[in-house]
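Visitor:
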Amino acid sequence: MKSSKKALSEERLKVTERKLVDVIANFGYLKGRSAKTSEVMAYIYIRQEVTQQLLRELTGYSLGTVSAVLQDLEKLGVVNKHSSQNARGYVYRLAGTPSQVMSQSMADFQGYLSEISGFLDEVEAKLSKSSLSKKQGYSQLRRFLDEMNVLIPAYQQVLQKFQTMRLDSRQTRVGAANE
Amino acid sequence: MNNAIEFDPEIRQIEQEIVEFFAEKASEYTGRHPIVSMVMSYFYIRRSLTQRDLRKLTGFSAGAISKAVRQLVDMNVITREVIPGTHTHIYKMETLPFRSPKYFLQTEQTLEKLHKELKEIKDKLDVHGGKMRNLEGYQKVYDIVKHLLVQISSVPRFMDLIEEELGKFIK
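Chains as they are written, first to last, in the numbering used here: chain A, 1 to 179; chain B, 1001 to 1171.
1) Quick one: grab the DSSP three-state call for A:Asn26.
2) Is the CB-CB distance between A:Ile44 and B:Ile1144 below 8 Å?
3) Does the beta carbon of B:Glu1015 come closer than 8 Å to any beta carbon on chain A?
4) Ignore the nearest five residues each way along the sequence and tell me which others in A:Met41's own chain have a CB closer than 7 Å to its CB.
5) Could you tell me which chain B residues have their CB closer than 7 Å to the CB of A:Ser34, listed as they occur along the chain?
6) How would you call A:Glu179, buried or exposed, if buried means at least 16 neighbouring beta carbons within 10 angstroms?
7) If you pair each beta-carbon of the stretch 1060–1073 of chain B with each one of the stretch 8–22 of chain A, do three or more pairs fall below 8 Å?
8) Going by the beta-carbon positions, is the gap between B:Ile1172 and A:Leu127 smaller than 8 Å?
9) Can you have a look at B:His1033 and say buried or exposed, based on whether 16 or more other CB atoms are within 10 angstroms of its CB?
10) Since B:Lys1140 meets chain A, which of its residues come closer than 9 Å, beta carbon to beta carbon?
11) Tell me which residue opens and which closes the beta strand (DSSP E) that B:Tyr1091 is part of.
12) I think A:Glu39 touches A:Thr65, with their Cβ atoms under 8 Å apart; what is that distance to the nearest whole Å?
13) For the stretch 1002–1055 of chain B, list the alpha helix (DSSP H) runs that are entirely contained and at least 4 residues long, ordered along the chain.
14) Under 8 Å between C-beta atoms, does B:Gln1042 make it to chain A?
15) Let me confirm a value: B:Glu1120 is counted as buried when at least 16 other C-beta atoms fall within 10 Å, else exposed. Which label applies?
16) Is the Cβ-Cβ distance between A:Lys135 and B:Glu1010 less than 8 Å?
17) Please classify A:Leu8 as buried or exposed, where buried requires at least 16 neighbouring CB atoms within 10 angstroms.
18) Rounded to a whole number of angstroms, what is the C-alpha to C-alpha distance between B:Tyr1091 and B:Lys1067?
19) Just verifying my parser: in three-state terms, what is the DSSP assignment at A:Val15?
20) May I ask you to list, following chain order, the residues of the stretch 151–167 of chain A that have a beta carbon less than 8 Å from some beta carbon of chain C?
21) Just list the alpha helix (DSSP H) runs in the stretch 44–125 of chain A, keeping only unbroken ones of 4 residues or longer that don't cross its boundaries, in chain order.
22) Give the interface partners of B:Ser1037 over in chain A, defined as CB-CB distance under 9 Å, in chain order.
23) Let's see if you can read the secondary structure: which residues bound the beta strand (DSSP E) around B:Arg1070?
24) Give me the Cα-Cα distance between A:Gln71 and A:Leu13, rounded to the nearest whole angstrom.
25) With DSSP as the reference, please indicate the residues paired to B:Arg1080 in a beta bridge.
26) Given that B:Val1178 touches chain A, what residues does it touch there, using C-beta distances under 9 Å?
27) If we ignore side chains and look at the alpha-carbon of each, how far apart do B:Ile1083 and B:Leu1049 end up?
28) In angstroms with no decimal places, state the Cα-to-Cα distance between A:Thr164 and B:Glu1112.
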């Protein structure tokens, strides 16, 4: 009797976790991630440490799919792979606390912006050949570059300002704590 | 309309480099699906395209293109219209999505929905938590729900600040 109650609670927790996974995964989908990546990422956020086998059981995806998604998440800096002490294979851990992983993506965004900026300079140089300005499609590329040339520096400025604001508020908190 | 042929070969070459750059980098930095990134990048430049155009430009299958445009519509990045007098849809990007992240992320609707769903989960855990509390995993689920509720409550203010700051640079 006792064990069936426990089984019921376990089932209830599993359903609740599943609901939470769907909510988080939908948010990932709206950021342009694939449904599979979003779902695996949601489980990792919650469990913080997973194995390929566990993810296979939780999601129903094949081991090949799970392995490919984990490789992508490793490249993205969301998980780190470690040798498992108890089981065969590897365990995958969230690369920090959920807040750390989220604030890391803000730092990465700055790197992304500077890569875009460098790349757009190269495109600008190619497009500046005078022979191209009358060619079909030039005006569409020109419009894109003109808009990006305003937007990218704007984002760089805004992010810099936010970084300073965050730093200031942290220092204020430390100062207040010291007092 | 046949966009792929309309562009001059030299221009088309530069366009392909742009699209490939964004497909690779957006995936690397944001985890966005490469096909979604690539299709999105074609909209940055072309602004209005049919699924047929996209198939020609990218070489992806009809199924992959259909899935990608559906996701971009869901993401509020492009809109879908019927070409008058036909049964064909045309997809349009009115403005570059990062021009207004608030619009792009549909902040208010999305966050309201997200907050409501998370609140429901938290209430369920609070009310029916009794037996579950001793189970392994309960605390992790509970902590993430609480963490996300705190995080999303600060997003609207953050978005407003970004919009305000961007507005100073973008006329």
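Positions of the beta carbon are idealized from the N, C-alpha and C atoms, including for glycine.
Guide: In short, the structure shows the following:
1) It is helical.
2) no
3) Taking Cβ atoms only, chain A reaches closer than 8 Å to B:Glu1015, which makes this a yes.
4) Gly28, Leu73 and Val78
5) Within 7 Å Cβ-Cβ: His1033.
6) Its pLDDT being 49, under 50, A:Glu179 is placed unreliably by the model, and the measurement read from it follows with that caveat. Exposed, since its Cβ has fewer than 16 Cβ neighbours within 10 Å.
7) no
8) What is shown of chain B runs 1001 to 1171, which leaves residue 1172 of chain B out entirely.
9) Counting Cβ neighbours within 10 Å, B:His1033 comes out buried, since at least 16 surround it.
10) The contact set of B:Lys1140 on chain A, defined by CB atoms closer than 9 Å, consists of Glu17, Ile46, Arg47 and Gln48 in chain order.
11) Per DSSP, B:Tyr1091 belongs to the beta strand (DSSP E) from His1089 to Lys1092.
12) Not really, about 10 Å apart at Cβ, beyond 8 Å.
13) 1003–1006, 1009–1030 and 1034–1046
14) Contrary to the premise, residue 1042 of chain B reads as Tyr rather than Gln in this sequence. Cβ-Cβ to chain A under 8 Å: no for B:Tyr1042.
15) exposed
16) yes
17) exposed
18) 13 Å
19) Reduced to three states, the DSSP call for A:Val15 is helix.
20) Given the protein chain composition of this structure (A and B), no chain C is represented.
21) Here the runs fully enclosed are 52–59 and 63–75.
22) Gly32
23) Counting along the chain, B:Arg1070 falls outside any beta strand (DSSP E), though it belongs to the alpha helix (DSSP H) covering Ala1062 to Asp1074.
24) 28 Å
25) Per DSSP, B:Tyr1091.
26) Nothing can be reported for residue 1178 of chain B, as the shown portion of chain B is limited to 1001 through 1171.
27) 11 Å
28) Going by the C-alpha atoms only, they are around 29 Å apart.
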